[in-house]
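Note sheet for the following structure.
Chains as they are written, first to last, in our numbering: chain A, 24 to 361; chain B, 24 to 361.
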């Protein structure tokens with residue numbers, strides 16, 4: 024057997040972004056990969072994921088996951104096809120989900136790859152979105168973290184994003200009294216109500232979030248799923264009914280902030296209203312995966328759950344797709360097609 | 024039977040305080056009370072309670088309880104002796120706990136008074152403090168709201184106050200790994216560690232709370248019982264271990280604020296650390312009263328639980344006692360003896 028080499032084109036982190044990331048914070052490199060050893064597989068990536076959490080890992084600060092290393096290839100969710108295998112249980116042609124994204128090819132231990140069976144009617148890309156980490160984030164955050172119950176009025180920010188659009192739709196399917204979303208353009212707002220079945224939505228850029236939420240939810244809200252932080256959280260605290268619950272999932276409005284943001288000035292409302300604010304990260308809820316997969320696959324196949332994607336082509340456009348996602352240019356899951 | 028009249032001296036709210044309350048916000052009045060009708064009792068108050076929550080009710084804002092009315096007698100916890108009764112089940116000489124404080128005498132429905140039996144070794148005043156609302160606040164907030172478990176490192180602010188001193192001691196008795204308190208004077212700090220059995224304490228006026236907490240709890244905290252809000256909450260967010268829990272009980276640092284306070288700038292830490300912040304009011308936890316009474320009475324009688332009181336004499340000194348309590352002049356429960 025000849026020592027065949029595979030060329031992988033990869034995106035590295037060249038500099039830690041100050042504020043919003045820019046082109047020069049990334050660099051393209053080429054690397055030669057060898058053949059898989061025992062227990063390894065060589066994967067040709069088909070789809071790459073860019074997600075908001077990645078911005079946090081670009082900073083050199085202590086967090087729940089270590090920061091990305093400078094001058095190393097970025098990592099992230101990816102779906103690919105096994106093109107060579109040294110591992111039992113994985114064969115050439117198998118589709119796998121793994122964490123070695125931001126590159127065209129990956130050589131990795133088979134244990135770090137999960138074989139996925141793609142049901143007809145579903146797309147492999149869905150394992151990066153509605154059937155993957157963002158979908159489970161929505162499912163676990165709404166049902167477990169925020170203790171959603173039928174009859175609740177649910178407000179979700181970043182509602183046109185991968186997580187937010189799933190939150191709103193799952194709330195509707197699970198019997199919410201009303202589902203309200205905020206997003207950053209008139210087109211997204213129309214999409215939420217016309218396509219995704221939100222009862223109401225508003226553009227947070229139009230005027231004060233607190234004012235728009237009060238107008239949209241005059242009887243208050245019971246659950247807030249927070250993807251953005253900042254003035255959205257403050258508005259939710261004002262709008263909460265007694266025993267309201269917030270799932271704190273992300274603070275995308277603050278990820279690019281160079282200065283510490285101001286906190287919600289009305290947090291003391293949590294006392295009298297007896298609110299619960301709970302932060303979470305999806306990896307703590309992997310035990311929900313079987314039920315999540317069953318529920319969400321069913322809704323997708325029946326057409327009750329709509330899955331939006333914004334697809335960008337080409338490994339060299341991954342940084343731009345990532346920066347655009349942070350800026351809200353996506354509707355639904357942002358993926359890179361190779 | 025002659026229509027005997029009883030003179031009650033009472034404190035009314037004369038003006039809504041702007042910032043810290045002052046003498047002129049209160050007025051003394053005298054009122055003549057008649058004899059109790061059917062189902063009523065006439066009570067001579069022995070002890071009155073002043074509590075932080077009363078400051079909030081002096082503002083004319085929507086809250087979980089309606090605001091105090093201007094030019095009406097204030098209300099609040101009181102223990103008194105029945106001096107005339109028109110009600111079955113309550114007789115002259117009985118001790119009762121009720122909500123018609125800030126006055127020397129009260130004519131009230133028997134249903135609004137709870138007869139208390141005072142065990143030898145316990146004082147009737149305790150029903151305003153460690154055996155009453157502040158004690159239950161500590162018990163419920165620590166054990167239920169913050170889901171305390173043995174081995175937790177517990178931080179409590181306002182630790183020399185009625186609620187805080189109970190929180191720290193109950194945490195110790197229930198098996199905390201370490202109990203840390205903050206208070207506003209060197210004498211209080213010494214009292215916490217020397218008398219109440221706190222493992223460590225600091226004076227929040229000495230330097231930054233965040234810095235002192237980091238020094239006192241280098242391995243982080245698991246539970247924060249928040250009586251004060253503001254920079255204490257921010258410091259706790261920095262210090263929390265993963266899955267930390269905050270019981271939000273009060274924000275005494277903000278009660279006299281004329282401007283909205285700044286919120287915790289680091290609230291987004293709640294996401295990665297998977298923190299739970301939960302506000303509560305004690306009335307939602309009255310179902311715990313039997314177990315609470317059993318536990319706390321036992322600890323008091325065995326000497327394991329220390330009960331501090333600051334006692335001020337005379338109805339006319341009630342406003343001053345209240346203002347002093349807001350300013351931290353008390354150690355333990357502030358009560359007025361009539």
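All residues carry an ideal CB built from backbone N, CA and C; glycine is no exception.
Span separating the alpha-carbon of residue i from that of residue j
{"i": "residue 251 of chain B", "j": "residue 84 of chain B", "result": "20 Å"}
{"i": "residue 169 of chain B", "j": "residue 205 of chain B", "result": "18 Å"}
{"i": "residue 103 of chain B", "j": "residue 34 of chain B", "result": "17 Å"}
{"i": "residue 50 of chain A", "j": "residue 36 of chain A", "result": "7 Å"}
{"i": "residue 354 of chain B", "j": "residue 330 of chain B", "result": "10 Å"}
{"i": "residue 27 of chain A", "j": "residue 59 of chain A", "result": "10 Å"}
{"i": "residue 356 of chain A", "j": "residue 161 of chain A", "result": "13 Å"}
{"i": "residue 149 of chain B", "j": "residue 129 of chain B", "result": "20 Å"}
{"i": "residue 301 of chain B", "j": "residue 322 of chain B", "result": "27 Å"}
{"i": "residue 351 of chain A", "j": "residue 303 of chain B", "result": "36 Å"}
{"i": "residue 95 of chain A", "j": "residue 82 of chain B", "result": "57 Å"}
{"i": "residue 64 of chain A", "j": "residue 57 of chain A", "result": "10 Å"}
{"i": "residue 219 of chain B", "j": "residue 211 of chain B", "result": "10 Å"}
{"i": "residue 316 of chain A", "j": "residue 146 of chain A", "result": "14 Å"}
{"i": "residue 246 of chain A", "j": "residue 215 of chain A", "result": "18 Å"}
{"i": "residue 335 of chain A", "j": "residue 347 of chain A", "result": "10 Å"}
{"i": "residue 188 of chain A", "j": "residue 98 of chain B", "result": "49 Å"}
{"i": "residue 365 of chain B", "j": "residue 48 of chain B", "result": "Residue coverage of chain B in this structure runs from 24 to 361, which leaves residue 365 of chain B outside it and unanswerable."}
{"i": "residue 253 of chain B", "j": "residue 288 of chain A", "result": "10 Å"}
{"i": "residue 180 of chain A", "j": "residue 126 of chain A", "result": "31 Å"}
{"i": "residue 107 of chain B", "j": "residue 77 of chain B", "result": "29 Å"}
{"i": "residue 309 of chain A", "j": "residue 91 of chain B", "result": "50 Å"}
{"i": "residue 199 of chain A", "j": "residue 29 of chain B", "result": "57 Å"}
{"i": "residue 275 of chain B", "j": "residue 349 of chain B", "result": "7 Å"}
{"i": "residue 46 of chain B", "j": "residue 45 of chain A", "result": "60 Å"}
{"i": "residue 2 of chain B", "j": "residue 359 of chain B", "result": "Summary: the structure shown does not reach residue 2 of chain B, with chain B confined to residues 24 through 361, and so no result is reported for it."}
{"i": "residue 332 of chain B", "j": "residue 133 of chain B", "result": "28 Å"}
Amino acids of chain A, ordered along the chain, whose beta-carbon sits closer than 8 Å to that of residue i
{"i": "residue 160 of chain B", "result": "The contacting residues do not exist; residue 160 of chain B stays about 11 Å from chain A at best."}
{"i": "residue 369 of chain B", "result": "Any question about residue 369 of chain B goes unanswered here, given that chain B covers just 24 to 361."}
Contact list for residue i against chain B, beta-carbon separation under 7 Å
{"i": "residue 252 of chain A", "result": "291"}
{"i": "residue 277 of chain A", "result": "291"}
{"i": "residue 284 of chain A", "result": "288"}
{"i": "residue 271 of chain A", "result": "293 and 294"}
Proximal residues of chain A, C-beta to C-beta of residue i below 9 Å
{"i": "residue 274 of chain B", "result": "290, 291 and 294"}
DSSP bridge partner residues for residue i (one or two, in chain order)
{"i": "residue 128 of chain B", "result": "B:67"}
{"i": "residue 121 of chain B", "result": "B:101"}
{"i": "residue 194 of chain B", "result": "Looking at the DSSP assignment, residue 194 of chain B forms no beta bridge with any residue, so it has no partner."}
{"i": "residue 203 of chain B", "result": "B:178 and B:223"}
{"i": "residue 155 of chain A", "result": "Paired residue(s): none; residue 155 of chain A is not in a bridge."}
{"i": "residue 109 of chain B", "result": "Paired residue(s): none; residue 109 of chain B is not in a bridge."}
{"i": "residue 248 of chain B", "result": "B:179 and B:270"}
{"i": "residue 359 of chain B", "result": "B:71 and B:335"}
{"i": "residue 186 of chain B", "result": "In the DSSP output, where bridge partners are listed per residue, residue 186 of chain B has none listed."}
{"i": "residue 36 of chain B", "result": "B:49"}
{"i": "residue 96 of chain B", "result": "B:35"}
{"i": "residue 286 of chain B", "result": "A:286"}
{"i": "residue 138 of chain A", "result": "A:119"}
Test item: CB-CB of residue i and residue j under 8 Å
{"i": "residue 144 of chain A", "j": "residue 324 of chain A", "result": "yes"}
{"i": "residue 226 of chain B", "j": "residue 244 of chain B", "result": "no"}
{"i": "residue 131 of chain B", "j": "residue 121 of chain B", "result": "yes"}
{"i": "residue 319 of chain A", "j": "residue 311 of chain A", "result": "no"}
{"i": "residue 190 of chain A", "j": "residue 154 of chain A", "result": "no"}
{"i": "residue 203 of chain A", "j": "residue 177 of chain A", "result": "yes"}
{"i": "residue 105 of chain B", "j": "residue 66 of chain B", "result": "yes"}
{"i": "residue 61 of chain B", "j": "residue 100 of chain B", "result": "no"}
{"i": "residue 117 of chain B", "j": "residue 138 of chain B", "result": "yes"}
{"i": "residue 183 of chain A", "j": "residue 157 of chain A", "result": "no"}
{"i": "residue 163 of chain A", "j": "residue 305 of chain A", "result": "yes"}
{"i": "residue 269 of chain A", "j": "residue 298 of chain A", "result": "yes"}
Contacts that residue i makes with chain B (C-beta to C-beta distance below 8 Å)
{"i": "residue 307 of chain A", "result": "297"}
Interface flag, residue i vs chain D, CB-CB below 8 Å
{"i": "residue 300 of chain B", "result": "Looking at the structure shown, chain D is missing, and the protein chains on hand are A and B."}
Exposed unless 16 or more other CB atoms sit within 10 angstroms - verdict on residue i
{"i": "residue 124 of chain A", "result": "buried"}
{"i": "residue 201 of chain B", "result": "buried"}
{"i": "residue 271 of chain A", "result": "buried"}
{"i": "residue 31 of chain B", "result": "buried"}
{"i": "residue 314 of chain A", "result": "exposed"}
{"i": "residue 172 of chain B", "result": "exposed"}
{"i": "residue 74 of chain A", "result": "buried"}
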